[in-house]
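Position 133 of the sequence shown, counting from 1, maps to 134 under the numbering used here, and the rest follow consecutively.
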Amino acid sequence: MNEASSGNHALEALSGPWARAREAVGQLGAKGAAKHLARRALRLLRGRDSYRIILIALSRPRPTPAAAAAAGHHTFHFASADELARLHRRGTPGINPWDVEATLRHDCRCLLQLDGEQLVGYTWVCTAPLIELRWGLHFNMPDDTVYNYNGYTTPPYRGTAYQGLRHLQLLELMKGEHKTRLMGFVDDTNHRSLRGVEKSGYQRIGTLSGVHRGGIKHFSLSVEDAAWSEAVRMGTRQRNAARAAASLPAPERTGYGAATPAPAVDAAAPR
């Protein structure tokens, strides 16, 4: 291989990362791009068997006027198992056999957005009270919340921010089940998805990190908004509200073995 050929290969190897870096600067600005690069560097330091995800929640979707206008004749409905099977046979990205099984057996639903017979996109949610995020770590979901774990817009319909419109339709369709919030997560280095969920109205509620070393999985959870859901099955917020309403003083502990109830775990808070 001559010098010119070697130089060309080196330029080709650099062109991919350089193009991605330019894209990040264009979308995030200099400050946002610097944060994105720092997150990628930290991920390399943590090692391949690690992750850091940003936990997000949505109660007030913000679909753009352009998306609402463009979707004026579109229809939205939850897919049946037969519809999902047909989409899978057509090779629709993200529609897999296990997704069909999840719809039938695991309280999962797929909201379809259609332009006539043409698929515009879909959004997956799970209404189960217990969901697995990563590596066997489960979250106990508040009663008013559903887990939003996947979304997709077909290439011809991208650029119109339809995802936010589907989030609004999801909550409208599930209002009768007293579901008023969506919860999900995004990998902290996925700047495209981070921008997308921010545009949709999602709020950051915390971060979850995991590292797998020596056969042991280590987790670290940081919650930035402990009251991100008002629905509490039983916990400190519920007890304190009841005491305040009854104007009763909080019980005092007088020593070991005092006959006072132990603090209950807030079942709605992420663990």
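Beta carbons are placed, not taken as given, at the ideal position from N, Cα and C, and that holds for glycine.
With a 10 Å radius around its C-beta and 16 neighbouring C-beta atoms as the bar for buried, classify residue i as buried or exposed.
i	result
I217	exposed
Q114	buried
S223	exposed
P64	buried
A80	buried
L119	Note that residue 119 corresponds to Gln in the displayed sequence, not to Leu. The residue in question, Q119, is exposed, as its Cβ has fewer than 16 Cβ neighbours within 10 Å.
P62	buried
L131	exposed
D83	exposed
N149	buried
G215	exposed
A72	buried
S221	exposed
G256	With a pLDDT of 49 at G256, under the threshold of 50, the modelled position of that residue is not reliable, and the figure given next carries that caveat. Under this definition G256 is an exposed residue.
G92	exposed
D189	buried
Would you kindly report the start and end of the unbroken beta strand (DSSP E) that includes residue i?
i	result
S210	204 to 214
L148	Correcting the residue identity first, residue 148 is Tyr in this sequence and not Leu. First-last of the beta strand (DSSP E) with Y148: 146 to 154.
V224	217 to 224
Y52	51 to 59
E133	131 to 135
N141	138 to 141
In chain order, what residues of the same chain lie with their CB nearer than 7 Å to the CB of residue i, ignoring the 5 residues before and after it?
i	result
I96	L85, L88, H89
I206	L56, I57, A58, V224, E225, D226, W229
V303	Only positions 2 to 272 of the chain appear in the structure, and residue 303 is not among them; the question remains open.
R182	A58, L59, S60, D145, T146, S230
A103	C109
Q239	V233
Y158	V121, G122
Report back the beta-carbon spacing between residue i and residue j to the nearest angstrom; my notes put them in contact at under 8 Å.
i	j	result
Q164	G185	Q164 to G185, Cβ: 11 Å. No contact.
H75	V121	6 Å
D108	T128	5 Å
L134	L209	7 Å
V126	R110	6 Å
Q170	F77	4 Å
Less than 6 Å between C-beta atoms, sequence neighbours within five positions excluded: which residues of the same chain meet that for residue i?
i	result
T154	G122, Y163
A68	T161, A162, Y163, L166
H219	V212
D116	H75
H139	L131, E133
To which residues of the same chain is residue i closer than 8 Å at the C-beta, ignoring the five residues directly before and after it?
i	result
H179	D144, D145
P98	H89
V101	A82, L85, A86, H89
Residue i lies in the alpha helix (DSSP H); which residues open and close that run?
i	result
H179	Segment: none, H179 is in no alpha helix (DSSP H) and carries neither H nor E.
T237	237 to 247
S201	192 to 201
E173	163 to 174
Would the beta-carbon of residue i be found less than 7 Å away from any heavy atom of the ligand NAP?
i	result
V224	The model on display carries no ligand, and the ligand NAP is accordingly not part of it.
Is there a Cβ from chain D that is less than 8 Å from the Cβ of residue i?
i	result
A129	Any reference to chain D falls outside this structure, which holds one protein chain only.
| said: Please give the ranges of any alpha helix (DSSP H) in the stretch 63 to 121, keeping only runs that are unbroken, at least 4 residues long and fully inside the region. | reply: 66 to 71, 82 to 90, 98 to 106
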